[in-house]
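A short worksheet on the structure shown next.
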Amino acid sequence: PEFKNRKVLLIVPDHTRTAPVGQMFQEVHAWLGSVAKQIDVMVALGTHPPMSQEAICHRLDLTLESKAKGYPKVQLLNHAWDDDKTLVEIGKIPSSEIRDLTGGLFEMEVKVRINRAALEYDELVILGPTFPHEVVGFSGGNKYLFPGISGPEVLNFFHWLGAVVTNPGIIGKKWTPVRKVVDRAAAFVKTRKWCVSMVVRPDASLAGLFVGTPEAAWGQAADLSEKLHIVRKKKPFRQILSCAPEMYDELWVAGKCMYKLEPVLAEGGELIIYAPHLTEVSITHGKLIRRLGYHCRDYFLKQWDKFKGESWGVLAHSTHVYGGGTYEKGVEKPRAQVVLATGIPEKICR
């Protein structure tokens, strides 16, 4: 009854997240389709490249034909993080709050913009998995709004804050400064919000399903994810071969090969990102990444006047792939070596 005659926007991940999203979409549509006024789907892309209608159908376990036959009224929408026409400002997080939320790491005002579709529907329903995550601690919940369908301000701040804390300081931890900022930004969204949070086993089967507000559903999912997805080792490894699945089609996402394993990579060790299918650094950000290169956090922080005007999201990606290190007297030294075994040309890698 709560969804009767309501316009519902389902917010789903793109192809780089593993979960039975199609099954959940079809279950939710079967449940709400007869009572809701409208049900549409938006892909929470962040800055990932837009998906074709066929690709979104595939994400939902449909073909173009089965979608047209079974779900003819459902619109399939891409988020566009850099299209001002699609974004609306819903508030600002004041600098004093940012200082408190980040434990004093930052003191700056952050503008909060979101895809205006979030305000044009009566109900927002997030359908997505929860895993340990290098920027926020655990993915899922309000992360599907910020940065999933947000403007660049929160998106870039979110990533750089995570980079400053560092991946080993963030991944697999529940209440990180980044999660606090994400939840604070989501509080500006007055549309009613729901979350169907999935915890997925390594074989892609469902281990847990939690439904409620984004905060409550994510909280329970993160607790299960911690038990299921975190493997603890007695000592670190000196050499790691980290194999990227084919769904990671650019280094922007295949960098997860480093993020997930950096905590068990020994100092002075080597991690190889093995992805022969991968030929792109980043479709969206490749030109900027090639100009900036990959560096440790302190390389940027100790030259902040030089780099503060660059995309903070790209700076964050650079440090996350490079990993820990030092920058003293103009000399950068990595904590460990990251080697690319990919289809990206050697001259670009160097």
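The sequence shown begins at 1 in UniProt numbering and counts up one residue at a time.
For every residue, glycine included, the Cβ atom is placed at its ideal position computed from N, Cα and C.
Within the DSSP secondary-structure output, Cys243 pairs in a beta bridge with Tyr274.
By alpha-carbon distance to Trp81, the top candidate from Asp223, Lys329, Arg116, Gly172 is Arg116. If you look at Val314, you'll find it in the alpha helix (DSSP H) that goes 312 to 322.
Between Ser282 and Ala222, the alpha-carbon positions lie close to 29 Å from each other. Contact annotation: the stretch 134 to 150 touches the stretch 181 to 190, with at least three C-beta pairs closer than 8 Å.
Taking the Cα of Val253 as reference, the smallest distance to any Cα among Pro214, Pro236, Val135 is reached at Val135. Rounded to whole angstroms, the gap between the alpha carbons of Val211 and Pro147 is 21 Å. When the five nearest sequence neighbours on each side are left out, the beta carbons in the same chain lying within less than 7 Å of the beta carbon of Thr279 are those of Gly343, Ile344, in order along the chain.
Contact annotation: Cys195 and Pro214 have beta-carbon atoms nearer than 8 Å. From the listed residues Met198, Glu328, Gly219, Asp40, the smallest Cα separation to Leu209 is found for Met198. Between the beta-carbon of Thr130 and that of Trp218 there is about 6 Å, and that keeps the pair under the 8 Å contact cut.
Taking the C-beta atoms as reference points, Ala275 is found nearer than 8 Å to Tyr248. Comparing alpha-carbon positions, the option among His58, Pro72, Asp83 lying closest to Gly46 turns out to be Asp83. Per the coordinates, the alpha-carbon of His295 lies some 19 Å from the alpha-carbon of Thr284. For Gly22, same chain residues with a beta-carbon under 8 Å away, outside a window of 5 residues either side, are Arg59, Leu60, Asp61, Leu62 in chain order. With contacts defined as CB atoms closer than 8 Å, Phe158 and Val125 fail to qualify as a contacting pair. In this model, Gly137 and Arg179 are separated by some 7 Å (Cα to Cα). According to the DSSP secondary-structure assignment, Met51 is paired through a beta bridge with no residue.
Taking 3 residues as the shortest admissible run, the stretch 40 to 124 contains the following complete beta strand (DSSP E) segments, listed from N- to C-terminal end: 76 to 78, 87 to 93, 110 to 115.
Around the C-beta of Trp304, fewer than 16 other C-beta atoms lie within 10 Å, and the residue is accordingly described as exposed. Less than 8 Å separates the beta-carbon of Pro177 from that of Val165.
When DSSP reads this structure, Pro236 sits in no beta bridge, so it has no partner. The straight-line gap separating the alpha-carbon atoms of Leu251 and Arg99 is approximately 32 Å. Counted as a single uninterrupted DSSP element, the beta strand (DSSP E) harbouring Phe210 occupies residues 206 to 212. In the DSSP assignment, Ala341 falls within the beta strand (DSSP E) that extends over 337 to 342. Selection Gly330, Glu332, Cys349, Val331 evaluated against Val339 yields Cys349 as nearest (Cα-Cα). In the three-state reduction of the DSSP assignment, Pro132 falls in the strand class, which pools E and B.
Comparing alpha-carbon positions, the option among Tyr121, Leu206, Glu226 lying closest to Arg192 turns out to be Tyr121. Under a 10 Å Cβ-count criterion, Leu315 is classified as buried, with 16 or more other Cβ atoms of the shown protein chains found around its own Cβ. Separation of the CB atoms of Phe3 and Ala30 is rounded to 13 Å, and the pair is thereby denied contact status at 8 Å.
For Asn78, the closest alpha carbon among the candidates Val331, Tyr299, Cys57 is that of Cys57. Per DSSP, Val178 lies in no beta strand (DSSP E) segment; the continuous alpha helix (DSSP H) that holds it begins and ends at 177 to 186. By alpha-carbon distance to Phe25, the top candidate from Thr18, Ser34, Leu10, Thr86 is Leu10.
Secondary structure of Cys296 (DSSP, three-state): coil.
When rounded, the separation of the alpha-carbon atoms in Gln38 and Gln75 is 9 Å.
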